[in-house]
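Student: Let me give you the structure first, and then I'll get to my questions.
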Amino acid sequence: MASIRAAIGPAFIAMAAATALAYFIVTPQKPLAQFFAAYHVGFGAMGVALAALLADRLARAFGYNRVVAVALSLSAFWLALPRPQPAGVTQALGDLSSTSIFLGLAVALVSGEFLRICGRRIANRTAAVAAGVVATAVLFGGLAAVHVSIASGLLVAIKPLVRVGDTLPALLIVVLIQMLLWSAGIHGPAFLAGIVTPVYLQAIEQNSQALLHHQAPPHIVTVMTFLFFYPGGSGAALPLAILLSASKRPRLRKLGLASLLPTFANLSEPLIFGVPLVMNPNLLIPFIGTPMVLACITYAAMRFGLVAKTVVYLPSAVPSVIGAWITTLGDWRAVVLVLVNVIVGIACYLPFVRSFENSLPEGRTAGGPPAGMETQARDANQPA
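What follows is the structure in structure tokens.
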């Protein structure tokens with residue numbers, strides 16, 4: 548799982564670069580259609596990058612040859628593509644689109660596992676690598692020979708996951724697990740990224756495909772829906788930063804002011820570990836509950852057509868207000884929804900923050916020693 552998390556970030560960068568390049572390569576069309584055509588090529592390229600990056604990460608983790616691992620994973624990726632392949636790289640990647648993410652994960656994990664098992668069972672390193680290569684070639688080459696497309700099979704398997712994930716109960720379960728993990732000091736979204744991200748990327752890709760064909764986007768919950776109910780990052784950190792910036796406790800006030808800029812870029816770690824929110828019983832309920840309340844508001848707004856559904860993927864560092872406007876292709880109501888969520892988030896956090904402030908002894912701030920303790924410690928260290 549750690550290797551998958553480490554590989555996904557650079558793969559997104561590859562996707563952005565491929566999208567920008569493909570925009571000038573794909574057949575000229577109307578601007579919006581040309582953008583989405585390049586956008587799907589970018590998704591396809593992301594799978595190729597993920598196959599290489601994850602193979603490299605696994606090779607480093609388990610100690611087998613990195614060059615062989617990457618080459619084998621990319622070869623398996625090529626063998627797993629649908630046959631016959633369309634003419635042109637951009638056409639092939641565009642047709643594959645976000646399915647390539649699952650395919651990249653699958654071929655890297657399978658080919659890497661073959662190399663790992665052979666390395667453990669065969670003492671000679673050269674023979675072990677050769678055995679891993681042969682095993683991978685037999686599996687993926689054999690499937691290609693009988694015209695079995697792993698990519699097509701994965702697409703069929705993903706559809707039920709996307710349908711299930713596009714429900715409010717599924718969304719709330721994902722948010723609950725993410726926040727419970729954060730409460731224990733574990734990066735919840737990163738921990739679940741290998742499972743959740745490909746499913747919700749497939750959802751937003753289907754939304755963009757539908758829009759490209761002049762149809763209504765089918766999915767409410769996509770990878771970009773999280774932008775609406777996580778303003779400021781995990782736990783809806785922006786409302787908390789705004790509250791803390793007006794705190795009567797100097798340290799909390801300074802922390803809130805210092806966290807405003809990072810939370811605009813959806814970086815919640817300064818607050819999560821600075822307040823701290825991790826293992827903090829005073830703020831546990833709003834830290835977990837606020838995003839769930841905002842998720843319900845967001846889901847209802849999109850379900851009843853008050854706000855357009857998301858169709859464009861953006862990096863998580865894009866501020867929520869700007870990102871909401873872009874991902875819905877300029878729907879001003881999406882901006883209003885984010886602002887409403889920020890206000891509701893402030894209301895959810897407010898009583899708990901005030902209670903937390905009052906629970907701190909006089910002369911002490913969160914995370915700091917009682918007043919006078921530093922002076923006593925210095926006096927104790929002074930020579931008699």
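Residue numbers (the working numbering): 548 to 931.
All C-beta atoms in this analysis are idealised placements derived from N, C-alpha and C, irrespective of residue type, glycine included.
Just so you know, these numbers come straight off a predicted model, no measurement behind them.
Counting along the chain, where does the alpha helix (DSSP H) carrying Tyr-846 start and finish?
Tutor: Residue 846 sits at position 299 when you count from the first residue of the sequence shown. Per DSSP, Tyr-846 belongs to the alpha helix (DSSP H) from 831 to 850.
Student: Can you tell me whether Thr-845 is buried or exposed? The criterion is at least 16 other CB atoms within 10 Å of its CB, across all chains shown.
Tutor: Your numbering for residue 845 matches position 298 in the sequence shown. By the 10 Å Cβ count, Thr-845 comes out buried.
Student: Can you grab the Cα-Cα spacing for the pair Ala-606 / Phe-649, in whole Å?
Tutor: Residue 606 sits at position 59 when you count from the first residue of the sequence shown. Residue 649 sits at position 102 when you count from the first residue of the sequence shown. One C-alpha to the other measures close to 19 angstroms.
Student: Out of Pro-908, Trp-625, Pro-862, state which residue places its alpha-carbon closest to the alpha-carbon of Gly-651.
Tutor: Residue mapping note: residue 651 aligns to position 104 of the sequence shown, counting from 1. Nearest option by C-alpha distance: Trp-625.
Student: Around the C-beta of Val-722, are 16 or more other C-beta atoms found within 10 angstroms, so that it is buried, or is it exposed?
Tutor: Looking up residue 722 in the sequence shown gives position 175. Result: buried.
Student: Report the option in Ile-835, Gly-870, Leu-897 whose CA atom is closest to the CA atom of Leu-884.
Tutor: Translated into the one-based positions of the sequence shown, residue 884 becomes position 337. The candidate whose alpha carbon is nearest that of Leu-884 is Gly-870.
Student: Which residues in the same chain have their Cβ closer than 6 angstroms to the Cβ of Asn-623, if we skip the five residues on either side of it in sequence?
Tutor: As a working note, residue 623 is residue 76 in the sequence shown. The sequence given here places Ala at residue 623; Asn does not occur at that position. Counting only Cβ-Cβ distances below 6 angstroms, and skipping sequence neighbours, we find Val-654, Ser-658, Thr-683, Phe-687.
Student: Near Thr-772, what residues of its chain come up, given a Cβ to Cβ distance below 7 angstroms and the 5 sequence neighbours on each side ignored?
Tutor: What you label residue 772 is simply residue 225 of the sequence shown in a count that begins at 1. Within the same chain, Thr-772 has close Cβ partners Thr-845, Thr-857.
Student: With a 10 Å radius around its C-beta and 16 neighbouring C-beta atoms as the bar for buried, classify Trp-514 as buried or exposed.
Tutor: Residue 514 is absent from the structure shown; the chain starts at 548 and stops at 931.
Student: Are at least three pairs of beta-carbons, each pair with one atom in the region 707 to 726 and one in the region 809 to 829, less than 8 angstroms apart?
Tutor: Too few Cβ pairs lie closer than 8 angstroms, so no.
Student: Would you mind listing the alpha helix (DSSP H) stretches within the region 683 to 710 that are 4+ residues and don't spill past its ends, in chain order?
Tutor: Whole alpha helix (DSSP H) segments, 4+ residues: zero.
Student: Report yes if the C-beta distance between Val-768 and Val-676 is below 8 angstroms; otherwise report no.
Tutor: By one-based count along the sequence shown, residue 768 stands at place 221. By one-based count along the sequence shown, residue 676 stands at place 129. Going by C-beta atoms, Val-768 is not nearer than 8 angstroms to Val-676.
Student: Mind reading off the beta-carbon distance from Gln-749 to Leu-739? Whole number of angstroms is fine, and I expect it under 8 angstroms.
Tutor: In the sequence shown, counting from the first residue as 1, residue 749 sits at position 202. In the sequence shown, counting from the first residue as 1, residue 739 sits at position 192. Not a contact, Cβ separation roughly 15 angstroms.
Student: May I ask you to verify whether the region 890 to 903 touches the region 834 to 841, counting CB pairs closer than 8 angstroms and requiring at least 3?
Tutor: Yes, since at least three Cβ pairs between the region 890 to 903 and the region 834 to 841 fall closer than 8 angstroms, the two stretches touch.
Student: Is Leu-853 helix, strand or coil when you go by DSSP?
Tutor: On the sequence shown, residue 853 is found 306 positions in, with the first residue counted as 1. Three-state result, Leu-853: coil.
Student: Is DSSP giving Asn-827 helix, strand or coil here?
Tutor: If you number the sequence shown from 1, residue 827 lands on position 280. Here Asn-827 sits in coil by DSSP.
Student: Cβ of Ala-788 within 8 angstroms of Cβ of Leu-818?
Tutor: For the purposes of this step, residue 788 is taken as residue 241 along the sequence shown, with counting starting at 1. For the purposes of this step, residue 818 is taken as residue 271 along the sequence shown, with counting starting at 1. A contact, by the Cβ cut-off of 8 angstroms.
Student: How should Asn-888 be labelled, buried or exposed, when 16 other C-beta atoms within 10 angstroms of its C-beta is the threshold for buried?
Tutor: Within the sequence shown, numbered from 1, the residue matching residue 888 stands at position 341. By the neighbour-count rule (16 or more Cβ atoms within 10 Å), Asn-888 is buried.
Student: Whose C-alpha, out of Val-617, Thr-875, Leu-807, Arg-850, is nearest the C-alpha of Leu-715?
Tutor: To locate residue 715, count along the sequence shown from 1; it is residue 168. Comparing Cα positions, the closest option is Arg-850.
Student: Could you spell out where the alpha helix (DSSP H) holding Ile-869 opens and where it closes?
Tutor: For the purposes of this step, residue 869 is taken as residue 322 along the sequence shown, with counting starting at 1. Here the alpha helix (DSSP H) through Ile-869 covers 867 to 874.
Student: Taking the C-alpha atoms as reference points, what is the distance between His-760 and Asp-603?
Tutor: Locating residue 760 in the sequence shown gives position 213, where the first residue counts as 1. Locating residue 603 in the sequence shown gives position 56, where the first residue counts as 1. For His-760 and Asp-603, the distance between alpha carbons rounds to 38 angstroms.
Student: Nearest by alpha-carbon distance to Trp-879: which of Ala-855, Ile-832, Gly-700 is it?
Tutor: Taking the first residue of the sequence shown as 1, we reach residue 879 at position 332. Nearest option by C-alpha distance: Ala-855.
Student: Could you check whether Leu-791 and Leu-494 sit closer than 8 angstroms to each other, using their CB atoms as the reference points?
Tutor: Because residue 494 is not part of the residues shown, which for the chain are 548 to 931, the question remains open.
Student: Among Gly-892, Leu-804, Leu-597, Ala-678, which has the Cα closest to the Cα of Tyr-611?
Tutor: On the sequence shown, position 64 is the one that residue 611 refers to. Selected option, being the one with the closest Cα: Ala-678.
Student: Looking at Ile-873: is its Cβ nearer than 8 angstroms to the Cβ of Val-882?
Tutor: One-based indexing of the sequence shown puts residue 873 at position 326. One-based indexing of the sequence shown puts residue 882 at position 335. Their beta carbons are not under 8 angstroms apart, which means Ile-873 does not touch Val-882 by this criterion.
Student: Excluding the five sequence neighbours on either side, which residues of its own chain have a C-beta within less than 8 angstroms of the C-beta of Ser-934, listed in chain order?
Tutor: Look at the range of the chain in this structure, 548 to 931, and you will see that residue 934 is not part of it.
Student: Compute the distance between the beta-carbons of Gly-779 and Pro-786, then report whether it is under 8 angstroms.
Tutor: Working through the sequence shown from its first residue, we reach residue 779 at position 232. Working through the sequence shown from its first residue, we reach residue 786 at position 239. Yes, the pair counts as a contact, with Cβ atoms nearer than the cut-off.
Student: Answer with buried or exposed for Ala-505, where buried requires no fewer than 16 other C-beta atoms within 10 angstroms of its C-beta.
Tutor: In the structure as shown, the chain starts at 548 and stops at 931, and residue 505 therefore has no counterpart that could be examined.
Student: From the DSSP output, in three-state form, read off Gly-779 for me.
Tutor: Taking the first residue of the sequence shown as 1, we reach residue 779 at position 232. Looking at Gly-779 - three-state DSSP - the assignment turns out to be coil, as it is neither helix nor strand.
Student: Can you tell me whether Tyr-570 is helix, strand or coil according to DSSP?
Tutor: In the sequence shown, counting from the first residue as 1, residue 570 sits at position 23. Reliability of the predicted coordinates at Tyr-570 is poor, the pLDDT of 49 falling under 50, and no value is obtained from them.
Student: If we count the other Cβ atoms within 10 Å of its Cβ and call it buried at 16 or more, is Ser-906 buried or exposed?
Tutor: To locate residue 906, count along the sequence shown from 1; it is residue 359. Burial call: exposed.
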